[in-house]
Structure formats: structure tokens, C-alpha cells
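First the structure, in the form of C-alpha cells, and then the observations on it.
There are 2 protein chains.
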Amino acid sequence: MARDKTIPRPTQAETAILQVLWQRGPSTVRDIHEVLNGERTMGYTTVLKLLQIMYDKGLVRRDESRRSHLYQAVSSQRRTQQQLVTDLLDRAFGGSMRNLVMHALSSRKTSRADLAEIRGLLDELEEKQR
Amino acid sequence: MARDKTIPRPTQAETAILQVLWQRGPSTVRDIHEVLNGERTMGYTTVLKLLQIMYDKGLVRRDESRRSHLYQAVSSQRRTQQQLVTDLLDRAFGGSMRNLVMHALSSRKTSRADLAEIRGLLDELEEKQR
DNA sequence: CCCAAACTACGAAACTGTTCGTAATTTGAC
DNA sequence: GTCAAATTACGAACAGTTTCGTAGTTTGGG
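Residue numbers (my numbering), protein chains in the order written: chain A, 1 to 130; chain B, 131 to 260.
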């Protein structure tokens, strides 16, 4: 039950749970367990335990007013993804954003629509720097 | 000493060591320890042990012909970064490259030169898809 | 040849993340 | 009110990571 201001980086299993919470909004353990069992195998009590740990860490809030507690992510998907990216950036790319983006773009096929959107963002960023 | 074909994803501490190897080329434990102690604190035997573990995992090669063994990374920086990026992609971005790149670009100031280079890559990718 | 210094090997402890079994609690149906 | 089903709480096992102490080995200088 100890919580403080700084939210830690979610682990792998925790990230899987957060994905579900971001997608579904406030969810019960059962909800999450059902979604997750489509992809990986994870026992019900494992999901529960993880949520309890995440609650202790401050990664999720919970509403205990009902029999089945409702959990929701504290940090938005956007903010968390940002955190994970900068983390990887410092950890493995020596802080070089150009390097990371170049690798990312090269590593997977990206649709034309996506490329166009990224180009749009580039325009914006260059405009700002002018 | 057991090694097989597939190289596992390096852990956090291992990645720090790999950074040094990529930067310096073949290095002794002492070399790596000295570089690393500029940034984090890590005992000499800790670095040694990690390198032994990495050797078992197949992450590094070593030359034992000299008194001080020379270690070098098996996988190139490029390949490893690629691995880490796609890993993060699936883990936290639902496989959406657009999403990852957009976040990356937004999260840190990027120089005009870097933006230009990324734009160049975009041009290339769009050309290929035509 | 002998010793000190540098090095490697190895085991074990501390820590974190993940898993799940079991016990206790709550709730609704009857 | 009682019971079964669903739920939460909790502890413990297990695996992987990181740390370092200690012991043994090698080497060069004297």
C-alpha cells in the first residue's frame, strides 16, 4: 500500500495488463484475464497478484466499491509509451533519437499513410525550429 | 560454455557493457570496467562475471591467447538495436511503427540535421513502395 | 626461484519479476 | 440462514539478474 509520487517503469507482464486497461478502460481482474488468455497464458490469480503489485507501485488505481474491484491505468498510454521510448533511447542508443527513428523505420514495413503522417510531424517540428 | 544459434536479448547491465564494446572494439575486463566507472558504479569482478555470463549466452566472443582475455560483441550494434526496437514495438506499441516513431520524435528535441536525415529516409521508403 | 600484482573462476547472496496454490471473504440463490 | 461460486489476500516457490567475496592461477621483476 506504500505509494509515492514517482511511477516506476512497468515490467513486461505489467505492460501487457496496461495494454488491456488502455484499450478497455476500467476493468475487473476477470475482464483482463479473459482478454489476455486469447494471447498468452496467465492464470487468474497471477493477473490478480500482478494488479495488486501494480497498485502498490502506483501504476493503477482501483475502485473497491463493488464486489469485483475495477482497475484503471494511472498513466496514460501516451505518457507510458513516451517513458519506455526515452528509456530505450538512453539505454541502447546513446540518446541518439535520429538513430532510434532510423532503425525503427528500417526494421518494419510502414504503410504509405503512416509515412505521410510522420512526414507531417517532421514538417511541424522543422517549422517550430525556424 | 553452452552456446547455441539464437542470441538472447541482452539485459540492462549487459547492454551497458555492449555499448562499451561497440564503441571501443575488442576490450579487456579492465578496459570496460574503467569506462563504465565513469558513469555507473560496478565492481571489477561484477564486470568480469557479467562477461562470463554473456560468453555463455553467446553475446560476446573472447580471445584467450593473452593473459587478459579480449572480449568483443558478437552481434553488431545495428542488429542489436534493431532487436530492441522491434521488441519494444510489440511489447508496448501494439506493433504500430507510426505510433512509436511519432512518440520518439515528440519526446526529445531533434536537431534540424537529424530531421533532414529522417526525411531523406522517408523519401527512400516512399520511393520503394511506389 | 619467489613474491606481489593482476587476472580468472566460481559460488552464493540479494533482489526483482512471475507464477500459482491455498485460505479467507463476500455475495446471491435457494 | 446456508451453501456454492466468485472474489480477494497472501505467502511461497522459482527463475533470472546483478552484485561481490574468496580462492586459485598466471606473470614479470627482483
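A virtual CB, placed ideally from N, CA and C, is assigned to each residue, including glycine.
Within chain B, the C-beta atoms nearer than 7 Å to that of ASP114 (chain A) come from MET227 and ARG228, in chain order. Proximity of chain B to GLU126 (chain A) at the Cβ level (cut-off 7 Å) is accounted for by ARG242 and LEU245, in chain order. With a threshold of 16 other beta carbon atoms within 10 Å, LYS258 (chain B) falls short and is exposed. For VAL47 (chain A), the enclosing alpha helix (DSSP H) starts and ends at 44-57. Listed in chain order, the non-local C-beta contacts of TYR55 (chain A) below 7 Å within the same chain comprise ARG62, local neighbours out to five positions each way being set aside.
Taking every protein chain shown into account, the CB of GLN12 (chain A) has fewer than 16 other CB atoms within 10 angstroms, so this residue is exposed. Residues of the stretch 190-204 of chain B that bring their beta carbon within less than 9 Å of a beta carbon in chain A are absent altogether.
ARG191 (chain B): not part of any alpha helix (DSSP H); member of the beta strand (DSSP E) spanning 190-193, first to last residue. Taking 9 Å as the threshold, the shortest C-beta distance from THR46 (chain A) to chain B does not fall below it. From the listed residues A:SER27, A:SER106 and A:THR28, the smallest Cα separation to ARG208 (chain B) is found for A:SER106. At least 9 Å separates the beta-carbon of LEU180 (chain B) from that of PRO138 (chain B). Distance between LEU89 (chain A) and SER75 (chain A), taken at the CA atoms: about 20 Å. By the rule that beta-carbons nearer than 9 Å mark a contact, GLY38 (chain A) does not touch chain B.
Between GLU126 (chain A) and LEU245 (chain B), the C-beta spacing is below 9 Å. By the rule that beta-carbons nearer than 9 Å mark a contact, ILE147 (chain B) does not touch chain A. Exclusion of the five residues before and after THR158 (chain B) leaves SER198, HIS199, LEU200 and TYR201 as the residues of its chain whose Cβ lies within less than 8 Å of its Cβ.
Looking at the DSSP output, ALA73 (chain A) sits in a beta bridge with A:VAL60.
Under the 10 Å beta carbon count, ALA113 (chain A) is surrounded by fewer than 16 other beta carbons and is classified as exposed.
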